[in-house]
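A quick write-up on the structure given underneath.
Residue numbers (our numbering), protein chains in the order written: chain A, 1 to 89; chain B, 90 to 507.
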């Protein structure tokens, strides 16, 4: 069982959260010329590497806020959590 | 190579079975091969076998970081089926069914193919309509499909919960009678033994460190056991696809996720079909040893752990008991996990890449094992002829770019959603 520290509520068990995928993916900006490749990268292509991974989770059975979590995809160690509007440093 | 036969069994019994040939050798890697297959799983072994058998290319090496049978080919729940609706998936899988039926004779190795049938349960009128549509599509592609009503399902699996007062009452189901199971280890060993006999070098404990690419062409691979040159290289590494893609500066429509399975203690024969309870994220069959083999959906977040997390297992078994209450009396024998190459539309990729001589086989999601022979056959064709076969034409890498997705389950790009 993962234990995720929600930046709003504190340490909670994984059961309260749902997953939202890679947090580093950025939607192409509106009003700019966007290539098919840009859309492809945004919608489909993922690095999904072994090791540290920034990802989105939603504290669904808690405060319902989206948060960012940095987790190791091999060991499941969680290094950092951020509010959704905080930039990944 | 000694043939496996009753005659040889008796003959070797006389010498206490101490003089059998090794099933495959342990060669030192050569400096150069015509084709190098990275990944000694079921698909890699099958690819090498069909390269030798169908295309007469035998100067081939399979490079495996671990050992033969240690990855997903030994971790799956052994289900074989072709109950797909979309033409590309249906025709590819049904081609594979033919190879499964002939496999034991073909490989001179008993893979214990058991076409016992699979039932997908339905729990509403709407789902029955969907299954009728899928069944009709299957039949148009020459695949057997039978729509069962509630009473017909009860005849076959009377141990399921048929009470009215449940969250997902059983309305009926879609059955593919020719689907079934096979012994997964035997599939790996059988392909490895035959490939080795035809001259393929199976190199275990050999990790790929990097690639030698120049001017858009692949020249070879750097490994923990030295550099190996090859003009053609096939990537066939399932859950490790993203790691090797990064070494090639490629970003793929693949995420790596963890899938768990488990078996109960062995019991007397009770279930002679594969049964899936999709609404409850649960499926089950009974092995020849009597164990109930069970699985469900992904753990739900990117993972390379090769071992599972308890909440998912608890969910899977809770649903299992809801469908077949007798399971609550059984003890769990083993649980394990494997890492899956989840593609963004749920269908695989067997294609050439933008690098000349580099071929890609990945994205098998929940369905890698049953695809083993068809994947090997079509990947061997793609590598040998340097062009895709019509059977894997739909499994192109650029379909994500052009919008020709094969989204069989209609789930979209959230690979972890079930």
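A virtual CB, placed ideally from N, CA and C, is assigned to each residue, including glycine.
Proximity to residue i [Cα-Cα], best of the options
i: residue 274 (chain B); options: B:394, B:458 and B:209; result: B:458
i: residue 480 (chain B); options: B:177, B:293, B:353 and B:192; result: B:177
i: residue 53 (chain A); options: A:25, A:30, A:38 and A:17; result: A:25
i: residue 474 (chain B); options: B:448, B:219, B:110 and B:492; result: B:448
i: residue 356 (chain B); options: B:366, B:375, B:253 and B:412; result: B:375
i: residue 444 (chain B); options: B:145, B:224 and B:308; result: B:308
i: residue 392 (chain B); options: B:163, B:328 and B:257; result: B:328
i: residue 455 (chain B); options: B:430, B:484 and B:471; result: B:430
i: residue 323 (chain B); options: B:404, B:115, B:360 and B:149; result: B:149
i: residue 292 (chain B); options: B:159, B:477, B:98 and B:114; result: B:114
i: residue 147 (chain B); options: B:137, B:154, B:156 and B:170; result: B:137
i: residue 186 (chain B); options: B:109, B:370 and B:204; result: B:204
i: residue 500 (chain B); options: B:405, B:434, B:403 and B:467; result: B:434
i: residue 109 (chain B); options: B:171, B:216, B:256 and B:282; result: B:282
i: residue 256 (chain B); options: B:492, B:412 and B:482; result: B:412
i: residue 49 (chain A); options: B:335, B:483, B:496 and B:370; result: B:335
CB contact check: residue i to chain A, cutoff 8 Å
i: residue 371 (chain B); result: no
i: residue 393 (chain B); result: yes
i: residue 400 (chain B); result: yes
i: residue 505 (chain B); result: yes
i: residue 333 (chain B); result: no
i: residue 433 (chain B); result: yes
i: residue 344 (chain B); result: yes
i: residue 455 (chain B); result: no
i: residue 489 (chain B); result: yes
i: residue 323 (chain B); result: no
i: residue 442 (chain B); result: no
i: residue 486 (chain B); result: no
i: residue 340 (chain B); result: yes
i: residue 389 (chain B); result: yes
i: residue 502 (chain B); result: yes
Assumed close pair residue i, residue j - CB separation to whole angstroms, cut-off 8 Å
i: residue 352 (chain B); j: residue 380 (chain B); result: 4 Å
i: residue 111 (chain A); j: residue 10 (chain A); result: Chain A is shown from 1 up to 89; residue 111 (chain A) falls before or after that span and cannot be answered.
i: residue 410 (chain B); j: residue 122 (chain B); result: With a Cβ gap of about 51 Å, residue 410 (chain B) and residue 122 (chain B) do not count as contacting.
i: residue 202 (chain B); j: residue 269 (chain B); result: 7 Å
i: residue 166 (chain B); j: residue 382 (chain B); result: 5 Å
i: residue 154 (chain B); j: residue 296 (chain B); result: 4 Å
i: residue 360 (chain B); j: residue 246 (chain B); result: 7 Å
i: residue 90 (chain B); j: residue 286 (chain B); result: 4 Å
i: residue 45 (chain A); j: residue 340 (chain B); result: 4 Å
C-beta contact flag for residue i and residue j at 8 Å
i: residue 207 (chain B); j: residue 237 (chain B); result: no
i: residue 161 (chain B); j: residue 427 (chain B); result: yes
i: residue 303 (chain B); j: residue 387 (chain B); result: no
i: residue 127 (chain B); j: residue 451 (chain B); result: no
i: residue 389 (chain B); j: residue 401 (chain B); result: yes
i: residue 8 (chain A); j: residue 65 (chain A); result: yes
i: residue 354 (chain B); j: residue 422 (chain B); result: yes
i: residue 331 (chain B); j: residue 40 (chain A); result: no
i: residue 212 (chain B); j: residue 266 (chain B); result: no
i: residue 471 (chain B); j: residue 132 (chain B); result: no
i: residue 60 (chain A); j: residue 16 (chain A); result: yes
i: residue 277 (chain B); j: residue 158 (chain B); result: yes
i: residue 432 (chain B); j: residue 342 (chain B); result: yes
i: residue 262 (chain B); j: residue 242 (chain B); result: yes
i: residue 469 (chain B); j: residue 280 (chain B); result: no
i: residue 224 (chain B); j: residue 183 (chain B); result: no
i: residue 200 (chain B); j: residue 272 (chain B); result: yes
i: residue 305 (chain B); j: residue 350 (chain B); result: no
is_contact[residue i, chain B] using C-beta, thresh 8 Å
i: residue 77 (chain A); result: no
i: residue 25 (chain A); result: no
i: residue 74 (chain A); result: yes
i: residue 53 (chain A); result: yes
i: residue 31 (chain A); result: no
i: residue 11 (chain A); result: no
i: residue 21 (chain A); result: yes
Extract the residue ranges of the beta strand (DSSP E) inside the stretch 326-414 of chain B, only unbroken runs of 3 or more that lie entirely within it. If we require 3 residues or more, the beta strand (DSSP E) runs fully inside the stretch 326-414 of chain B come out as 343-355, 363-366, 371-375 and 380-391.
Mind listing, in chain order, the continuous alpha helix (DSSP H) runs of no fewer than 4 residues lying wholly within the stretch 150-227 of chain B? Segments of the alpha helix (DSSP H) lying fully in the stretch 150-227 of chain B: 176-196.
Going along the chain, which unbroken runs of the beta strand (DSSP E) with 3 or more residues stay wholly within the stretch 227-275 of chain B? Entirely contained in the stretch 227-275 of chain B, the beta strand (DSSP E) runs reaching 3 residues are, in chain order, 235-238 and 261-265.
At 4 residues or longer, and completely inside the stretch 439-481 of chain B: list those alpha helix (DSSP H) runs for me, N to C. Runs of the alpha helix (DSSP H) inside the stretch 439-481 of chain B: 461-474.
Every unbroken alpha helix (DSSP H) inside the stretch 38-69 of chain A [4 residues or more]: Within the stretch 38-69 of chain A, no run of alpha helix (DSSP H) at least 4 residues long lies entirely inside it.
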